[in-house]
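Before any comments, here is the structure.
Protein chains in written order, with the working numbering: chain A, 1 to 110; chain B, 1 to 113.
If you want it as structure tokens, here you go:
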């Protein structure tokens, strides 16, 4: 059974900082890994998808890396803004099923 | 493009009542999923349907049933609701199986009293 751990569980930072969110998983036999954002009371919005053959993926201020062999992914957020405040979830995907970590709750204060 | 649509958005049930949560996607996805999200527990898979005509249990299937009505629709039924089923329910879909991103609905907030 895939186990997913996200560290830290919560993070509160001033605006402008560069951030690192970590995700580790126990079963490296994955097809891809997806990072999501969830705002309070809302659904999940896909941020980045990294295929198992890729090392990293970038979208604007977001960069996600994947080290499949060691079971780790990292989401970098550059120059954080208050609008980045949300919960960030990672989901390594097996053949059919994405499995989720409990998320990192991020607050960026002005 | 509506994506993944869930109905209803909110529901309050009395213990023992039944209800069906509806999910429809317009992206021609093969696979569909039902998750529940509880504080401190993250998202847990209830049931999934890898393709039209198939359904399988996930991590927490007890107390639920599902129907893959057609390629677009995947419903979740609570036959006799219990307070432990108070949660936020999310439907998701993905195509093709295995190597593309999953898309989520906005969720159904269910309270069982």
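Beta carbons: idealized from backbone N, C-alpha and C, even for Gly.
Where the beta strand (DSSP E) through residue i begins and ends
i	result
residue 32 (chain A)	32-38
residue 28 (chain A)	Neither: residue 28 (chain A) is in no beta strand (DSSP E) and is coded neither H nor E.
residue 68 (chain B)	64-68
residue 24 (chain B)	19-25
residue 105 (chain B)	From DSSP, residue 105 (chain B) is part of no beta strand (DSSP E); its letter is neither H nor E.
residue 7 (chain A)	4-7
residue 89 (chain B)	87-94
residue 46 (chain A)	44-51
Check whether residue i and residue j have beta carbons under 8 Å apart
i	j	result
residue 32 (chain A)	residue 51 (chain A)	yes
residue 76 (chain B)	residue 110 (chain B)	no
residue 74 (chain B)	residue 49 (chain B)	yes
residue 65 (chain A)	residue 59 (chain A)	no
residue 25 (chain A)	residue 2 (chain A)	yes
residue 14 (chain A)	residue 109 (chain A)	yes
residue 75 (chain A)	residue 11 (chain A)	no
Cross-chain neighbours of residue i in chain B, by beta carbon under 9 Å
i	result
residue 102 (chain A)	40, 41, 42 and 43
residue 46 (chain A)	101, 102, 103 and 104
Closest residue to residue i among the options (Cα-Cα distance)
i	options	result
residue 81 (chain B)	B:91, B:15 and B:54	B:15
residue 69 (chain A)	A:76, A:43, A:53 and A:83	A:53
residue 86 (chain A)	A:92, A:3 and A:77	A:77
residue 61 (chain A)	A:24, A:80, A:46 and A:28	A:80
residue 8 (chain A)	A:110, A:101 and A:109	A:101
residue 60 (chain B)	B:67, B:8, B:34 and B:18	B:34
residue 113 (chain B)	B:56, B:12, B:92 and B:24	B:12
residue 104 (chain A)	A:98, A:88 and A:92	A:88
residue 39 (chain B)	B:85, B:92 and B:103	B:85
residue 93 (chain B)	B:78, B:31 and B:2	B:31
Under 7 Å by beta carbon: chain A residues contacting residue i
i	result
residue 47 (chain B)	Correct list: empty, because the minimum Cβ distance to chain A is about 11 Å.
Proximal chain B residues relative to residue i, where beta-carbon distance stays under 8 Å
i	result
residue 42 (chain A)	106 and 107
Residue i: CB within 7 Å of a non-hydrogen atom of the ligand PLP
i	result
residue 28 (chain A)	Inclusion of the ligand PLP in the displayed structure is not the case, the ligand content being empty and no account of it being possible.
Per-residue contacts from residue i into chain B (C-beta, under 7 Å)
i	result
residue 57 (chain A)	In chain order: nothing, as chain B lies at least about 11 Å away.
### Query
Which of the residues in the stretch 91-110 of chain B, read from start to end, lie with their CB under 9 Å from any CB of chain A?
Residues 92, 94, 97, 98, 99, 100, 101, 102, 103, 104, 105, 106, 107 and 109.
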